[in-house]
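**Q** Next up is a structure, given as structure tokens.
Structure below.
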């Protein structure tokens, strides 16, 4: 396909919104708050913002520049830079494919929860009745209604990854719906995507703002917000805090997937990508902090309710044990009465000591929940206790859907754009090619709707992208700075923007960002090796909770394949190009020798 025949965004605003919609996803809502909670609340913001300027912003700008200069997808762009590096783009496409396979199952879960939000009583608000109609299901009572609904009603989860009960119809239909909508969003390439992003990039902010206003009216919400902005400065001495800050910036901006290169390849040649890179990076990080304030207000509400429920149970236990008047002990004086009764009636108090719970608000707030557990359990538990829970549930899961769909636009584009650059596919209609890609991902993604599917989801989520993306982006920045050449790249930027990159970009691209990436990459490998046998959380039906379980041998082998399958594209492609060129060179030499011999023998 000719470069000047390439479609383009109707305006720079569409490109900006597409990048915002892609970069701002579920990670902003569930992973960033989890990391804040795990690494000392407001103290985590310090390394996070430092890593934004040392790593995220320079690499984001670099990928936009490459796409806009080459006007090709990831495979074509890196092949144009150096034929031996086409595997970098291929590795990005494979990683995006892995992400597409499992990411849309999250949207399927969101659809499931959204449809269930229209019931008169939210199905995760209380335990269902057992088959004998004698009381609630025991497994639900051992867990919680929200956990039971997610693990047993939504996932119908098996006891281990080795048990598989087949495809669940409800989840499969929700996944089909998610892929149909994804296809409609990208059916005509940037012409349809450019219109969709006006909605997917803006509506989540409306919902977050509504939740923020309402969240601050909830009982105990301020406890969560205070917790977030109360820094534990000792965490700054923890190297894991800095590495997690770096990886969060890295993945939140969507670096290495090829999506940014694909998006910017549809820009006008002189588009000011530098200004857009700064804007998107700041918007993305600002959204993470904004979403965390909303999340921690919900945390505060939930933790306060749990804490006060614990105090109430303790109060009633003391009243009944020591035969005190109902108004004798209040919620505010529970701890005073525990000390008083323990001192006055030590023998009687010792008899109930095993029944006393440890009520601690700080401990409730310290309980970190990551990923789907935060999105589908913690939020659901908070929503069921709100007035008009159906309304808040519909708003919340609609927001999750749009965040997920916005990211899917970039993931699918990262696959389709490089495919369109191949000559043998360029003649195929874009509607047909997009349909084939979406259908292929749907069929493979059905594996995640089986009873063991969530365990495979966890495996892909943990091992399908992290290692390969770190390696891909490390190769990218080294290639640009030291193989393609920093001076040559600076000249390309000047050709597009009318000025050379300033000192900040030059230092980051050539020195700081590569060193940071090498550090994070080595840290990831060391942690993986030291971690021993990989484990996952298996649902124990008898206990009504998740238990840490080692992956079986086939699971460990598959994890190994996930880790190396993408990055192996880089050396294998280089080897293929080398062998092809060597073979062609030998053939040319043979032809030359044959020609010379023939001319020498001629009369």
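Numbering (the numbering used here), first residue to last: 196 to 798. Beta carbons: idealized from backbone N, C-alpha and C, even for Gly.
1. When the distance is taken between beta carbons, is residue 254 closer than 8 Å to residue 708?
2. Would you say residue 674 and residue 358 are within 8 Å of each other, going by their C-beta atoms?
3. Would you kindly check if the distance between the Cβ of residue 716 and the Cβ of residue 186 is under 8 Å?
4. Could you check the C-alpha separation between residue 426 and residue 243 for me, to the nearest Å?
5. Evaluate residue 520 with the Cβ neighbour count: other Cβ atoms within 10 Å of its Cβ, from every protein chain shown; 16 or more gives buried, anything less gives exposed.
6. Between residue 261 and residue 444, how many whole angstroms is the CB-CB distance? I'm expecting something under 8 Å.
7. Just mark residue 496 as buried or exposed, buried being the case when its beta carbon has 16 or more other beta carbons within 10 Å.
8. Which residues bound the alpha helix (DSSP H) around residue 622?
9. What residue range is occupied by the uninterrupted beta strand (DSSP E) comprising residue 612?
10. Between the Cα of residue 475 and the Cα atoms of 747, 513 and 208, which residue gives the shortest distance?
11. Return yes when the Cβ of residue 471 is within less than 8 Å of the Cβ of residue 267, no when it is not.
12. How about residue 324 and residue 331: are their beta carbons less than 8 Å apart?
13. What does the alpha-carbon distance come out to for the pair residue 375 and residue 273?
14. For residue 731 and residue 661, I'd like the C-alpha separation in whole angstroms.
15. Is residue 417 helix, strand or coil by DSSP?
16. Pick helix, strand or coil for residue 540, following the three-state DSSP scheme.
17. Buried or exposed: where does residue 545 fall if 16 or more other Cβ atoms within 10 Å of its Cβ makes it buried?
18. Count the CB pairs spanning the segment 398-412 and the segment 382-389 that are closer than 8 Å, and state whether there are at least three.
19. On the DSSP bridge list, what partners appear for residue 741?
20. Use the C-beta contact count for residue 198: other C-beta atoms within 10 angstroms, 16 or more gives buried, fewer gives exposed.
21. Along the chain, which unbroken stretches of the alpha helix (DSSP H) at least 4 residues long are found entirely within the segment 304-357?
22. Just checking my contact of residue 637 with residue 372 at CB under 8 Å: how many whole Å lie between their CB atoms?
23. Quick one, which of 777, 619, 303 and 664 has its alpha-carbon nearest residue 595's?
24. Under 8 Å between the Cβ atoms of residue 652 and residue 300?
25. Let me make sure I understand the geometry here. Which of 356, 312, 421 and 307 has the alpha-carbon closest to that of residue 238?
26. Give me whichever residues DSSP pairs with residue 397 in a beta bridge.
27. Applying the 10 Å Cβ sphere with the 16-neighbour rule, what's the burial state of residue 801?
28. Quick one: what does DSSP say residue 645 is sitting in, helix, strand or coil?
29. Looking only at C-alpha atoms, which of 446, 558 and 553 sits nearest to residue 494?
30. Grouping DSSP H, G and I as helix and E and B as strand, with all else coil, what is residue 362?
31. Could you tell me the distance, in whole angstroms, from the CA atom of residue 737 to the CA atom of residue 339?
32. Rounded to the nearest angstrom, how far is the Cβ of residue 526 from that of residue 395, given a contact under 8 Å?
33. Work out the CA separation of residue 659 and residue 492 for me, nearest whole Å.
34. If the criterion is Cβ atoms closer than 8 Å, does the pair residue 326 and residue 734 meet it?
35. Short of 8 Å in beta carbon distance, which residues of its chain neighbour residue 501, apart from the five on each side in sequence? Order them along the chain.
36. So, using beta-carbon positions, are residue 609 and residue 454 closer together than 8 Å?
**A** According to the structure shown:
1. Along the chain shown, one-based indexing puts residue 708 at 513. Along the chain shown, one-based indexing puts residue 254 at 59. Their beta carbons are under 8 Å apart, which means residue 708 touches residue 254 by this criterion.
2. Within the chain shown, numbered from 1, the residue matching residue 674 stands at position 479. Within the chain shown, numbered from 1, the residue matching residue 358 stands at position 163. Not a contact, by the Cβ cut-off of 8 Å.
3. Only positions 196 to 798 of the chain appear in this structure, which leaves residue 186 out of reach.
4. Taking the chain shown and counting its residues from 1, the one referred to as residue 426 is at position 231. Taking the chain shown and counting its residues from 1, the one referred to as residue 243 is at position 48. Their Cα atoms are separated by approximately 13 Å.
5. Residue mapping note: residue 520 aligns to position 325 of the chain shown, counting from 1. Taking a 10 Å sphere around the C-beta of residue 520, we find fewer than 16 other C-beta atoms and assign the residue as exposed.
6. As a first step, residue 261 must be located in the chain shown, where it is residue number 66. As a first step, residue 444 must be located in the chain shown, where it is residue number 249. Contact flag wrong, Cβ pair sits at about 19 Å.
7. The count along the chain shown starts at 1 and reaches residue 496 at position 301. The residue is buried, with at least 16 neighbouring Cβ atoms inside 10 Å.
8. Here the question's residue 622 lines up with position 427 in the chain shown. First-last for residue 622: undefined, no H or E at that position.
9. Translated into positions along the chain shown, residue 612 becomes position 417. Not the beta strand (DSSP E): residue 612 falls in the alpha helix (DSSP H), residues 584-615.
10. Looking up residue 475 in the chain shown gives position 280. Among 747, 513 and 208, the Cα nearest to that of residue 475 is on 208.
11. As a first step, residue 267 is located in the chain shown; it is residue number 72 there, counting from the start. As a first step, residue 471 is located in the chain shown; it is residue number 276 there, counting from the start. Not a contact, by the Cβ cut-off of 8 Å.
12. Translated into the one-based positions of the chain shown, residue 324 becomes position 129. Translated into the one-based positions of the chain shown, residue 331 becomes position 136. Yes; because the gap between Cβ atoms is below 8 Å, this pair is in contact.
13. Translated into the one-based positions of the chain shown, residue 375 becomes position 180. Translated into the one-based positions of the chain shown, residue 273 becomes position 78. Cα to Cα, the separation comes out at about 31 Å.
14. If you number the chain shown from 1, residue 731 lands on position 536. If you number the chain shown from 1, residue 661 lands on position 466. About 17 Å.
15. Position 222 of the chain shown, counted from the start, is the residue given in the question as residue 417. Reduced to three states, the DSSP call for residue 417 is helix.
16. Counting from one through the chain shown, the residue named residue 540 turns up at place 345. Coil, per DSSP.
17. Taking the chain shown and counting its residues from 1, the one referred to as residue 545 is at position 350. Flag for residue 545 reads exposed.
18. no
19. What you label residue 741 is simply residue 546 of the chain shown in a count that begins at 1. The partner list for residue 741 (beta bridge, DSSP) reads 734.
20. As a first step, residue 198 must be located in the chain shown, where it is residue number 3. Reliability of the predicted coordinates at residue 198 is poor, the pLDDT of 44 falling under 50, and the value obtained from them is presented with this limitation in mind. Residue 198 counts as exposed, since fewer than 16 other beta carbons sit within 10 angstroms of its beta carbon.
21. 333-337 and 340-343
22. For the purposes of this step, residue 637 is identified with residue 442 of the chain shown, where counting begins at 1. For the purposes of this step, residue 372 is identified with residue 177 of the chain shown, where counting begins at 1. Approximately 10 Å separates the beta-carbon atoms of residue 637 and residue 372; this is outside 8 Å, ruling out the contact.
23. Walking along the chain shown from the start, residue 595 turns up at place 400. For the residues 777, 619, 303 and 664, the minimum Cα distance to residue 595 belongs to 303.
24. As a first step, residue 652 is located in the chain shown; it is residue number 457 there, counting from the start. As a first step, residue 300 is located in the chain shown; it is residue number 105 there, counting from the start. A contact, by the Cβ cut-off of 8 Å.
25. Taking the first residue of the chain shown as 1, we reach residue 238 at position 43. Measuring from the Cα of residue 238, the nearest candidate turns out to be 421.
26. Numbered from its first residue, the chain shown carries residue 397 at position 202. Per DSSP, none; premise fails for residue 397.
27. The structure shown has nothing for residue 801, since the chain only spans 196 to 798.
28. Counted from its first residue, the chain shown places residue 645 at position 450. It is a strand residue.
29. As a working mapping, residue 494 is identified with position 299 in the chain shown. Per the Cα distances, 558.
30. Position 167 of the chain shown, counted from the start, is the residue given in the question as residue 362. Note: residue 362 maps to strand in three-state DSSP.
31. Mapped onto the chain shown, residue 737 falls at position 542. Mapped onto the chain shown, residue 339 falls at position 144. So the two alpha carbons sit approximately 13 Å from each other.
32. As a working mapping, residue 526 is identified with position 331 in the chain shown. As a working mapping, residue 395 is identified with position 200 in the chain shown. Incorrect: roughly 45 Å between the Cβ atoms, too far for contact.
33. Numbered from 1 along the chain shown, position 297 holds the residue referred to as residue 492. Numbered from 1 along the chain shown, position 464 holds the residue referred to as residue 659. Cα atoms of residue 492 and residue 659: separation of roughly 32 Å, rounded to the nearest angstrom.
34. As a first step, residue 326 is located in the chain shown; it is residue number 131 there, counting from the start. As a first step, residue 734 is located in the chain shown; it is residue number 539 there, counting from the start. The answer is no: Cβ separation not under 8 Å.
35. On the chain shown, position 306 is the one that residue 501 refers to. Excluding positions up to five away in sequence, the list reads 559.
36. As a first step, residue 609 is located in the chain shown; it is residue number 414 there, counting from the start. As a first step, residue 454 is located in the chain shown; it is residue number 259 there, counting from the start. Taking 8 Å as the Cβ cut-off, residue 609 and residue 454 qualify as a contacting pair.
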